[in-house]
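As structure tokens, the structure follows; a few thoughts come after it.
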Amino acid sequence: MTTPSRHPVAFDFFLEISVIDQLAGTAMERALPEGVSMASFGLLNHLTSKGGADSPARLAQALMVTKGTVTALLKRLEARGLIALSQDPRDGRAKIVALTPEGQRRRDLAVAALDPLLGSFLADFPEQDLLAVLPLLRRVRMDLNRRHRT
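Residue numbering for the sequence shown is -17 to 132, as defined by our numbering.
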């Protein structure tokens, strides 16, 4: 199959990534516990990786969504007791988003719920195969992130 692009390999590469993103997101969303969306899981997981707290602006940047989208998600998570919002002690105008113990528990339950999906995936794609492509995928992500910010 030929592509309309003058850069067919790059076109096919990004098309494959796009389809994989859709399929992986759907599979993960189905595996997550009820009440945990991919968006909320992504935010809770990011907070875990940042030691449990971050600013709304950095969350929006990390999740590559608008500040308004993050604000709406934070309101829902705060109402469910999964995060707590407080004033930034260094800047009274800014807020800090902190993971609550319940938020950490829900994130951990979500990770555990993904284990069967990941295990069945590893049955078809051994870890050494995945490790072989991770450096390339990371380089692509870092390049796209750099381009996104400029």
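Every residue gets a Cβ at the ideal spot worked out from N, C-alpha and C, and that includes glycine. Keep in mind that this is a model prediction, so the values were computed, not measured.
Contact test: residue i Cβ vs the ligand NAP heavy atom, cutoff 7 Å
i: Asp90; result: In the structure on display, the ligand NAP does not appear, and there are no ligands present to speak of.
Cβ neighbour criterion (16 or more within 10 Å) applied to residue i
i: Leu14; result: buried
i: Asn88; result: A small correction: the amino acid at residue 88 is Arg; Asn does not occupy that position in the sequence shown. Flag for Arg88 reads buried.
i: Val18; result: buried
i: Val(-9); result: exposed
i: Ala92; result: buried
i: Leu116; result: exposed
i: Arg29; result: Note that residue 29 is Leu in the sequence shown, not Arg. Label assigned to Leu29: buried.
Given residue i as reference, the closest of the options once Cα atoms are compared
i: Asp73; options: Asp3, Arg12, Ala61, Ser37; result: Ser37
i: Gly7; options: Leu96, Val79, Lys77, Ala39; result: Leu96
i: Arg40; options: Ser19, Ser22, Leu5, Lys77; result: Lys77
i: Leu26; options: Val1, Leu56, Asn127, Pro(-10); result: Leu56
i: Lys32; options: Pro108, Arg131, Met124, Leu81; result: Leu81
i: Gln86; options: Leu104, Glu60, Ser68, Gln69; result: Glu60
Under the three-state DSSP convention, the category residue i falls into
i: Lys32; result: coil
i: Val79; result: strand
i: Gly151; result: In this structure the chain extends from -17 to 132, so residue 151 is not present and cannot be described.
i: Leu67; result: strand
Straight-line gap, residue i to residue j (C-alpha atoms, nearest Å)
i: Pro71; j: Asp106; result: 49 Å
i: Ile(-1); j: Ser102; result: 20 Å
i: Gln34; j: Ala114; result: Sequence check: residue 34 is Gly here, not Gln. Taking the straight line joining both Cα atoms gives about 31 Å.
i: Leu112; j: Arg75; result: 44 Å
i: Leu119; j: Glu84; result: 33 Å
i: Ala94; j: Leu100; result: 10 Å
i: His(-11); j: Leu(-3); result: 12 Å
i: Arg121; j: Arg129; result: 12 Å
i: Gln110; j: Met124; result: 22 Å
i: Leu5; j: Ser68; result: 36 Å
i: Gly50; j: Ala42; result: 9 Å
i: Pro108; j: Val52; result: 35 Å
i: Glu16; j: Val1; result: 25 Å
i: Glu11; j: Arg58; result: 18 Å
**OP:** Evaluate contact between the region 18 to 32 and the region 52 to 67, counting only Cβ atoms and requiring at least three cross-stretch pairs below 8 Å.
**Re:** The region 18 to 32 is in contact with the region 52 to 67.
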